[in-house]
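Protein chains in written order, with the working numbering: chain P, -14 to 101; chain F, 261 to 370.
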């Protein structure tokens, strides 16, 4: 049981390049999330998914796209990277709890992205 | 709109001393509140959560937090800090569309 894994761990891009970050979870969780973490700003939600084939915007969605083609995977794409997207990206997943709506999130180890 | 404020960017305490980390939130309905801890280079780990019931909640590693609706606060406490508690602590509010505070970095002096 690996929990939440993220690929790659580190990446350096040039401005204008594209890339995809992969998040995978083996806990059969319905919900998945992408966050970015910047110094002094905590974590900010980029996009999230409440199930296979569905996605929704979070607090800072601009410049990013996501896809959830399989329940266990959540992809984050940068079509044209900008220096402002230099950050640490965290993926998380949670199990839908229909009774209380309680939603503990389990986090991956993060991807450090630098855009030059 | 929901938001979280952690007034203290950095706190230093001596090992064995008590600890309180402050968290204030803004949320339209009954809040779901969380405290997470992040060690350097790691992801976040849930310490404790509140979503209903007893306003004093116990978490892992000897931490507890108290929900005070009248003060819109959810402060984290620990009676005796250990050197291994040095980390960054994040308060969060919400459900799927969660909002995190900016974090409080805890340094523990020997």
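Every residue gets a Cβ at the ideal spot worked out from N, C-alpha and C, and that includes glycine.
- Secondary structure of residue 47 (chain P) (DSSP, three-state): coil.
- The continuous stretches of beta strand (DSSP E) do not include residue 37 (chain P), and DSSP gives it neither H nor E.
- With respect to residue 6 (chain P), residue 66 (chain P) sits apart: the two C-beta atoms are not nearer than 7 Å.
- Residue range 304 to 310 is occupied by the beta strand (DSSP E) that includes residue 306 (chain F).
- Between residue 350 (chain F) and residue 287 (chain F), the C-beta spacing is not below 7 Å.
- Residue 95 (chain P) has no beta-bridge partner at all, per DSSP.
- Interface annotation, residue 319 (chain F): not in contact with chain P, CB-CB separation never under 7 Å.
- In the three-state scheme derived from DSSP, where H, G and I count as helix and E and B as strand, residue 344 (chain F) is classed as helix.
- Considering only P:80, P:71, P:93, the residue with the shortest C-alpha distance to residue 1 (chain P) is P:71.
- When DSSP reads this structure, residue 62 (chain P) sits in a beta bridge with P:5, P:50.
- For residue 288 (chain F), the nearest beta carbon of chain P is not closer than 7 Å to its own beta carbon.
- In the three-state DSSP reduction, residue 22 (chain P) falls in the strand class (E or B).
- Secondary structure note for residue 290 (chain F): it is in no beta strand (DSSP E), with a DSSP letter that is neither H nor E.
- Across the structure, residue 369 (chain F) and residue 300 (chain F) are spaced so that their CA atoms are roughly 17 Å apart.
- For residue 17 (chain P), no Cβ of chain F is located within less than 7 Å of the residue's own Cβ.
- Secondary structure at residue 269 (chain F): coil, using DSSP grouped into helix, strand and coil.
- A contact between stretches requires three or more CB pairs, one per stretch, nearer than 8 Å, and the region 307 to 326 of chain F fails this requirement with the region 91 to 100 of chain P.
- Bridge partners of residue 17 (chain P) according to DSSP: P:34, P:78.
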